[in-house]
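Input: a single structure, listed below in structure tokens.
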Amino acid sequence: MRAIRLMRAVSLATYKESSAFRSQMAISILTGPVFFLIQFFIWSAVFSVRDTVNGMTLDQILLYYGVVAMIGFLTFDFSDWELQDLVHSGKLVTFLLRPVSYRFYSISVKIGHRMLAFWIEVIPVYLIFYFLFGIKMVPHHLGWFIVSITLSFIMVFLVNFCIGMSSFWLMRAQGVRRMFLLLKDVSAGVFIPLSFFPEVLQKVLFFLPFQFIAYVPNQVFLGSYQLAGYSLSIPMIVGLQVVAVLIMWGVSEWLWRLGLNKFTGVGT
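Numbering (the working numbering), first residue to last: 27 to 294.
Right under this line is the structure:
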């Protein structure tokens with residue numbers, strides 16, 4: 027109960043603090059549809075000479091990218107950048123002296139930030155997609171999608187947190203951070219559905235944690251899951267998502283303990 031009260035307090039404080047800078051967040055109302063518009067033109071050109079691509083129609087492709095955009099807004103995270111800054115400046119030591127873990131504090135901050143984003147980013151962009159592009163995003167299984175997007179939220183945080191911990195070993199981690207973030211987005215199905223990759227690569231992606239960030243919640247939203255020749259029921263793939271999150275939590279805990287042994291507290 028104490029942990030829940032603390033998370034609630036930090037989240038609400040972040041919500042109020044972020045509200046003062048909501049105009050910066052509102053920029054997403056433009057950037058989100060612009061990225062979608064690029065996809066719209068690209069795939070419209072592709073489908074002008076064929077009816078389907080990998081068994082998907084143009085409407086299904088556009089729905090896929092619309093859902094990916096919504097998932098991105100709901101799960102956006104910058105814990106990697108914050109942790110990197112704290113480690114290199116030495117300011118992380120102030121958090122280590124507090125009676126609560128920094129990781130718990132960081133995810134509480136993310137919850138508050140995304141609570142505000144729901145009103146400023148998610149709903150406006152959803153309405154733009156609906157009225158401007160005619161994309162009707164209604165989840166096939168609302169309950170399972172809520173569970174899946176929650177797990178995706180946690181997975182994004184844990185993956186980014188692990189990326190941020192590279193700063194314990196690297197004085198300049200920006201390059202590594204950008205490389206991993208790009209790899210994460212490609213392997214998560216942000217730029218192209220994972221089912222479009224060659225089957226050999228699909229089998230590799232199936233065993234990586236990144237598919238649980240965007241591809242899996244997207245497939246849960248659509249009501250079916252297929253990858254690398256595997257066709258799984260929604261409850262089964264969400265169950266695998268739970269396992270993946272638990273494994274990623276264990277990895278983050280292991281890296282955190284190793285990183286603290288390297289941390290000197292004087293910055294770099």
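C-beta atoms are modelled at their ideal positions from N, C-alpha and C, and glycine is treated no differently.
Under the three-state DSSP convention, the category residue i falls into
{"i": "Leu177", "result": "helix"}
{"i": "Val79", "result": "strand"}
{"i": "Leu248", "result": "helix"}
{"i": "Leu123", "result": "coil"}
{"i": "Leu196", "result": "coil"}
{"i": "Val93", "result": "helix"}
{"i": "His139", "result": "helix"}
{"i": "Ile218", "result": "coil"}
{"i": "Ile161", "result": "coil"}
{"i": "Thr101", "result": "helix"}
{"i": "Phe289", "result": "coil"}
Given residue i as reference, the closest of the options once Cα atoms are compared
{"i": "Phe233", "options": "Trp145, Thr120, Ile263 and Leu153", "result": "Ile263"}
{"i": "His295", "options": "Gly249, Thr176 and Trp282", "result": "This structure cannot settle anything about residue 295, because the visible part of the chain is limited to 27 through 294."}
{"i": "Trp107", "options": "Ser221, Phe206, Ile239 and Thr290", "result": "Phe206"}
{"i": "Val113", "options": "Gly201, Met197 and Tyr241", "result": "Met197"}
{"i": "Leu63", "options": "Gly160, Leu208 and Val182", "result": "Gly160"}
{"i": "Ile175", "options": "Phe104, Gln245, Leu56 and Leu253", "result": "Gln245"}
{"i": "Trp195", "options": "Ile55, Gln252, Phe289 and Val185", "result": "Phe289"}
{"i": "Gly265", "options": "Gly138, Ser37, Met191 and Pro243", "result": "Pro243"}
{"i": "Leu209", "options": "Ser257, Ile68, Pro235 and Leu32", "result": "Pro235"}
{"i": "Phe171", "options": "Tyr256, Phe247, Met141 and Gly255", "result": "Phe247"}
{"i": "Ala35", "options": "Ile97, Ile137 and Val72", "result": "Ile137"}
{"i": "Phe61", "options": "Asp77, Met82, Arg76 and Ala95", "result": "Ala95"}
{"i": "Asn80", "options": "Glu225, Leu272 and Leu286", "result": "Glu225"}
N- and C-terminal bounds of the alpha helix (DSSP H) containing residue i
{"i": "Leu112", "result": "Ser105 to Ser115"}
{"i": "Glu225", "result": "Glu225 to Phe232"}
{"i": "Ile146", "result": "Careful: Ile146 lies outside any alpha helix (DSSP H) and carries neither H nor E."}
{"i": "Ile68", "result": "Ser54 to Phe73"}
{"i": "Ala36", "result": "The sequence given here has Val at residue 36, not Ala. Residues Arg28 to Ser45."}
{"i": "Gln237", "result": "Unbroken run through Gln237: none, as it is neither H nor E."}
{"i": "Met51", "result": "Arg48 to Met51"}
Where the beta strand (DSSP E) containing residue i begins and where it ends
{"i": "Leu258", "result": "Tyr256 to Leu258"}
Closer than 7 angstroms: residue i CB and nearest the ligand GDP heavy atom
{"i": "Gly190", "result": "Inclusion of the ligand GDP in the displayed structure is not the case, the ligand content being empty and no account of it being possible."}
Identity of the residues DSSP links to residue i by a beta bridge
{"i": "Leu253", "result": "Tyr256"}
Stretch pair the segment 233-246 + the segment 206-216: three plus CB contacts closer than 8 angstroms: Touching, yes.
At least three beta-carbon pairs within less than 8 angstroms, the segment 51-59 to the segment 142-155: Touching, per the Cβ criterion.
The segment 173-185 contacting the segment 131-140, beta-carbon criterion three pairs below 8 angstroms: Counting Cβ pairs under 8 angstroms, three or more are found: they touch.
Inter-stretch contact (C-beta, 8 angstroms, three-pair minimum) for the segment 85-92 and the segment 259-279: Of all C-beta pairs linking the segment 85-92 to the segment 259-279, fewer than three are shorter than 8 angstroms, placing the two stretches out of contact.
Sufficient close CB pairs (3 or more, under 8 angstroms) joining the segment 266-282 to the segment 184-192: At 8 angstroms Cβ cutoff, the stretches touch.
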